[in-house]
Amino acid sequence: MRPRLKMRLGDLLVQEKIISESQLMQALEDQRTNGRKLGVTLVDLGFIEEQELLEFLARQLNIPFVELGDRKIAADVVNLLPEIQARRHRALVVEADDNEALVAMSDPADLSAVDAISQYLQPRTIKLAVAPDHELLEAFDNLYRRTKDIAQFASQLQTEYEQDETLDLAALTLEDEGDDATVAKLLQSIFADAVQVRASDIHIEPDDRALRIRMRVDGMLQENVLNETTIANALVLRLKLMAGLDISEKRMPQDGRFQVKVRDHSIDVRMSTMPVQYGESCVLRLLDQSAGLLRLEQTGLPAHLLERVRTLIHKPYGMLIVTGPTGSGKTTTLYGALNELNKAEKKIITVEDPVEYRLPRISQVQVNAKIGLNFSRVLRTTLRQDPDIIMVGEMRDSETVEIGLRGSITGHMVLTTLHTNDSITSALRLIDMGAAPYLVGAAVRGVLAQRLIRKVCESCKTEVTPEPADLTLIRRMAPEIPADGSGFYQGKGCRNCNNTGYKGRIGVFELLEFNEGMINALRDGNMREFASTARASESFRPLALAALDYARQGVTSVDEVLFLAETVEEEEIRTTLIEGESEDSSHG
137 MRPRLKMRLG DLLVQEKIIS ESQLMQALED QRTNGRKLGV TLVDLGFIEE
187 QELLEFLARQ LNIPFVELGD RKIAADVVNL LPEIQARRHR ALVVEADDNE
237 ALVAMSDPAD LSAVDAISQY LQPRTIKLAV APDHELLEAF DNLYRRTKDI
287 AQFASQLQTE YEQDETLDLA ALTLEDEGDD ATVAKLLQSI FADAVQVRAS
337 DIHIEPDDRA LRIRMRVDGM LQENVLNETT IANALVLRLK LMAGLDISEK
387 RMPQDGRFQV KVRDHSIDVR MSTMPVQYGE SCVLRLLDQS AGLLRLEQTG
437 LPAHLLERVR TLIHKPYGML IVTGPTGSGK TTTLYGALNE LNKAEKKIIT
487 VEDPVEYRLP RISQVQVNAK IGLNFSRVLR TTLRQDPDII MVGEMRDSET
537 VEIGLRGSIT GHMVLTTLHT NDSITSALRL IDMGAAPYLV GAAVRGVLAQ
587 RLIRKVCESC KTEVTPEPAD LTLIRRMAPE IPADGSGFYQ GKGCRNCNNT
637 GYKGRIGVFE LLEFNEGMIN ALRDGNMREF ASTARASESF RPLALAALDY
687 ARQGVTSVDE VLFLAETVEE EEIRTTLIEG ESEDSSHG
């Protein structure tokens, strides 16, 4: 099928009075310099909405307009057109049988693209449809997964190993940098799949009868099971070589790091191995360096909290603690703050394990416990380097806490992290680690607690009524919520979200700024009074309520809110125990 426009697109749009003659002239002039298609140029200039343009094209060509988000498309149908051709021509096969194929394109009037696609889909005849460009790009990332390539290379590697049982796996992983080795191709496919689905971690786990490769996407693991169990050693060996680890040591855990380049993405990989029952488990944490360093306003902080955080970090001295469990985005927030503070007139030193982003003008120190270069030792030296701002990657021990607190009351701004679930617990945790309560009160300016919650998939979100028990819980948190439970959303599950109902995550924040009442309670060693004064502060809004705000806006689900609330509630129980122990010790 070769579509024909009776007139040129621009002339048709002018004739239908969708755009003006002057707008067309401006778009054509712009097109001559940028080389893009006229339709894209018109949309970018704001002369026409993409949806309106595509619907107009569909009418003129007498073809359907399709929205891909609502469609469930089979993998075997998609793969009729190779990914490289699909991306080149912005085309996706959405339906097919032995005779016909329905192909969605962003520009179905591109005759050369239609001809090329027809060649690939022979002997089928093609029927065209028009679809939004951004939906096509999203579909490519979701549908062209590397699972088929991974399975193919795994099978090939298994065959090579079985054909030569004396095969030296270490030599196999080293040959010619491994570019042509099957094990290298398998790893390249695994990394490409991880980058495509925006995975934060890759887990390689040998089992008795399977090799599991799991990827953490939006905080949840997605599993790919391979039957080729004997290839696990080759994978781990190759990764150890890339990270510079000891390939002969399989009985002890090892940590390392390396960089890989995947589809124009420079990925920093932190690797951890651990001996398990059927070999070595390997976990790879991925950090996309090519994404660039976020500014503070890009970290997801709401506007009202952003200004308060900015005020805190620009103070001449004191301590700001960013807290939350592993994977909650603490490092991203701290680097956003450093990015804003990084001026020629400020001396900034960071003490990290590991250094995750390389920053110009900032002196970054990587701790090395093997040679005694730990946080406390580096921090003591740092204070003699005339810094204005110090960033301590994590408060891990009592000595680091003591030096950090004293540094923050002697003219330095100290930014640091702590592994707790909420802001109130953080001050109590410092005291529990041996810090004097009066010192915590004098040094700490504020604590920013944060978590990441999953966002409801926009492609399949639908309004739902919470279960009666769930509704009771959220109305206990916010009594103003309607008794009928209206206004909440959940994802049904679609191909865009891998049938999870969620796509992407958003930060939830809780900022506790120390006021006079809290500081006095700390000086008196009254932890219960500190906690109650903090909760009563007018500017304090707990994490669970911040998450509930997003649920009421349709951004997240009630399930995510209740999961967060349950975690924080458990932490509050532990806080009460700490308060009681602290009071007992003070009375003793």
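Okay, so the sequence shown: first residue is 137 according to the working numbering, each after it adds one. Beta carbons are placed, not taken as given, at the ideal position from N, Cα and C, and that holds for glycine. Predicted model only: the values in this text are computed from it and were never measured.
Does the beta-carbon of residue i have 16 or more other beta-carbons within 10 angstroms, so that it is buried, or is it exposed?
i, result
"residue 380", "exposed"
"residue 351", "buried"
"residue 279", "buried"
"residue 436", "buried"
"residue 432", "buried"
"residue 548", "buried"
"residue 404", "buried"
"residue 680", "buried"
"residue 402", "exposed"
"residue 544", "buried"
"residue 349", "buried"
"residue 182", "exposed"
"residue 247", "exposed"
"residue 356", "exposed"
"residue 281", "buried"
"residue 508", "exposed"
"residue 245", "buried"
"residue 646", "buried"
"residue 652", "exposed"
"residue 241", "buried"
"residue 151", "exposed"
"residue 161", "exposed"
"residue 220", "exposed"
So if DSSP puts residue i in a beta bridge, which residue, or which two residues, is it bridged to?
i, result
"residue 458", "553 and 584"
"residue 496", "According to DSSP, which records beta bridges pairwise, residue 496 is partnered with nothing at all."
"residue 227", "241"
"residue 396", "403"
"residue 627", "597"
"residue 418", "340 and 409"
"residue 728", "This structure does not reach residue 728, given that the chain is present from 137 up to 724, and the question cannot be answered."
"residue 638", "592"
"residue 161", "DSSP lists no partner for residue 161."
"residue 209", "According to DSSP, which records beta bridges pairwise, residue 209 is partnered with nothing at all."
"residue 201", "266"
"residue 646", "585"
Leaving out five residues before and five after residue i in sequence, what residues of the same chain have Cβ atoms less than 8 Å from its Cβ?
i, result
"residue 291", "364"
"residue 388", "411"
"residue 596", "205, 206, 627, 628, 629, 630, 632, 633 and 637"
"residue 312", "With a pLDDT of 43 at residue 312, under the threshold of 50, the modelled position of that residue is not reliable, and the figure given next carries that caveat. Cβ within range, chain order: n/a, list empty."
"residue 497", "478, 480 and 484"
"residue 691", "591, 592 and 642"
"residue 487", "501, 503, 511, 514, 515, 518, 526, 527, 528 and 529"
"residue 521", "483, 485 and 499"
"residue 307", "Legend: pLDDT at residue 307 = 48, less than 50; position of this residue unreliable, value from coordinates given subsequently. If we look at residue 307 and ignore the five residues flanking it on each side, it has no Cβ neighbours."
"residue 393", "379, 404, 405, 406, 407 and 490"
"residue 188", "154"
Contact defined as beta carbons within less than 8 Å: I believe residue i pairs with residue j. What is the distance between those atoms, to the nearest angstrom?
i, j, result
"residue 693", "residue 626", "5 Å"
"residue 407", "residue 391", "7 Å"
"residue 186", "residue 259", "Rounded, the Cβ-Cβ distance is 34 Å, inconsistent with contact."
"residue 209", "residue 230", "5 Å"
"residue 442", "residue 474", "That pair is no contact at about 16 Å."
"residue 228", "residue 237", "Their Cβ separation, rounded to whole angstroms, is 11 Å, which puts residue 228 and residue 237 out of contact at 8 Å."
"residue 552", "residue 455", "7 Å"
"residue 326", "residue 286", "6 Å"
"residue 589", "residue 696", "5 Å"
With a threshold of 6 Å on Cβ separation, who are the neighbours of residue i within its own chain once the five nearest residues in sequence on each side are excluded?
i, result
"residue 100", "It is not possible to answer for residue 100, since the shown part of the chain is limited to 137 through 724."
"residue 271", "204"
"residue 578", "545"
"residue 316", "Model confidence at residue 316 stands at a pLDDT of 49, short of 50, so the residue's coordinates are unreliable; what they give is reported in the following sentence. Cβ neighbours of residue 316 beyond the five flanking positions: none."
"residue 712", "Summary for residue 712: the model assigns pLDDT 45, below 50, so the residue's position carries little reliability; its value from the coordinates is reported in the next sentence. Taken in chain order, the list of residues that qualify is empty."
Going along the chain, which residues of its own chain have a beta-carbon closer than 7 Å to the beta-carbon of residue i, five neighbours each way excluded?
i, result
"residue 144", "none"
"residue 665", "657"
"residue 703", "557"
"residue 212", "none"
"residue 682", "644, 645 and 646"
"residue 550", "455, 526, 528, 540, 543 and 544"
"residue 216", "229, 232, 237 and 257"
Tell me whether the region 551–566 and the region 455–466 touch, counting them as touching only if at least three CB pairs, one residue from each stretch, are closer than 8 Å. Verdict: yes, contact present.
Can we say the region 154–168 touches the region 193–202, given the rule of at least three CB pairs closer than 8 Å? With a cut-off of 8 Å, the region 193–202 and the region 154–168 do not count as touching, because too few Cβ pairs lie within range.
Does the region 531–541 come close enough to the region 566–585 to have 3 or more Cβ pairs within less than 8 Å? Counting C-beta pairs with one atom in each stretch, the region 531–541 and the region 566–585 have three or more that are closer than 8 Å, which means they touch.
Between the region 331–347 and the region 416–423, are three or more C-beta pairs nearer than 8 Å? Remark: three or more beta-carbon pairs, one from each stretch, lie closer than 8 Å, so the region 331–347 and the region 416–423 are flagged as touching.
Any chance the region 667–685 sits against the region 598–605, with 3 or more Cβ pairs inside 8 Å? Fewer than three beta-carbon pairs drawn from the region 667–685 and the region 598–605 are found closer than 8 Å, and the two stretches are therefore not classed as touching.
With contact counted as at least three CB pairs below 8 Å, one residue from each stretch, are the region 490–506 and the region 514–534 in contact? Segments in contact, yes.
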